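Worksheet: the structure to be examined is printed underneath.
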């Protein structure tokens, strides 16, 4: 009974990570834009204090940008380690690309049925939960860094 509860918690955290993927990606792009903008403003600044202020803002945005890249790499690596191949494809296409389960392409570039996609989704989430659980604390730290930089 206790093992099932632990697995349910792992699966819930894996689902949460999948839901956060696109938000983290968008926040990373926003941090990159803010970083570049502040670098341009620092270059155009007339006064030393103004330059210093924009450089400080740029450093803060850069740490958020780097945190988002690292978060995405960790999650991508965890998704790529999911076996079988069909489960990996369902995770990537459904959660990352946002495709509905009816339009998932599997092996040989053929569409999966909805039932098959659901089956592989369950398998993929369980494998992803096992892959993400060791690095979950790192992901939370990186999320905090990104939130503080925006």
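Numbering (my numbering), first residue to last: 726 to 875. Think of the CB as a built atom: it goes at the ideal place given N, C-alpha and C, for glycine as much as any other residue. Since this is a predicted model, take the numbers as computed values, not measurements.
Outcome for residue i when other beta-carbon atoms lying within 10 angstroms are tallied against a minimum of 16
{"i": "residue 853", "result": "buried"}
{"i": "residue 737", "result": "exposed"}
{"i": "residue 818", "result": "buried"}
{"i": "residue 727", "result": "exposed"}
{"i": "residue 752", "result": "buried"}
{"i": "residue 731", "result": "exposed"}
{"i": "residue 804", "result": "buried"}
{"i": "residue 846", "result": "buried"}
C-alpha distance - residue i paired with residue j, whole-angstrom precision
{"i": "residue 821", "j": "residue 746", "result": "7 Å"}
{"i": "residue 784", "j": "residue 808", "result": "39 Å"}
{"i": "residue 849", "j": "residue 758", "result": "34 Å"}
{"i": "residue 799", "j": "residue 856", "result": "10 Å"}
{"i": "residue 865", "j": "residue 812", "result": "25 Å"}
{"i": "residue 765", "j": "residue 778", "result": "12 Å"}
{"i": "residue 742", "j": "residue 760", "result": "25 Å"}
{"i": "residue 772", "j": "residue 763", "result": "15 Å"}
{"i": "residue 899", "j": "residue 873", "result": "Here the chain has residues from 726 to 875 only, and residue 899 is not among them."}
{"i": "residue 829", "j": "residue 810", "result": "13 Å"}
{"i": "residue 788", "j": "residue 838", "result": "43 Å"}
{"i": "residue 836", "j": "residue 781", "result": "50 Å"}
{"i": "residue 843", "j": "residue 790", "result": "34 Å"}
{"i": "residue 739", "j": "residue 851", "result": "8 Å"}
{"i": "residue 815", "j": "residue 774", "result": "51 Å"}
{"i": "residue 824", "j": "residue 744", "result": "13 Å"}
{"i": "residue 841", "j": "residue 735", "result": "23 Å"}
{"i": "residue 806", "j": "residue 875", "result": "31 Å"}
For residue i, the first and last residue of its enclosing alpha helix (DSSP H)
{"i": "residue 744", "result": "727-769"}
{"i": "residue 845", "result": "839-857"}
{"i": "residue 791", "result": "773-805"}
{"i": "residue 815", "result": "810-815"}
{"i": "residue 867", "result": "861-874"}
Bridge partners - residue i, DSSP secondary structure assignment
{"i": "residue 836", "result": "830"}
Supposed contact pair residue j and residue i - C-beta distance, whole angstroms, cut 8 Å
{"i": "residue 786", "j": "residue 871", "result": "With 8 Å as the limit, residue 786 and residue 871 do not qualify as a contact, their Cβ atoms being about 10 Å apart."}
{"i": "residue 868", "j": "residue 796", "result": "7 Å"}
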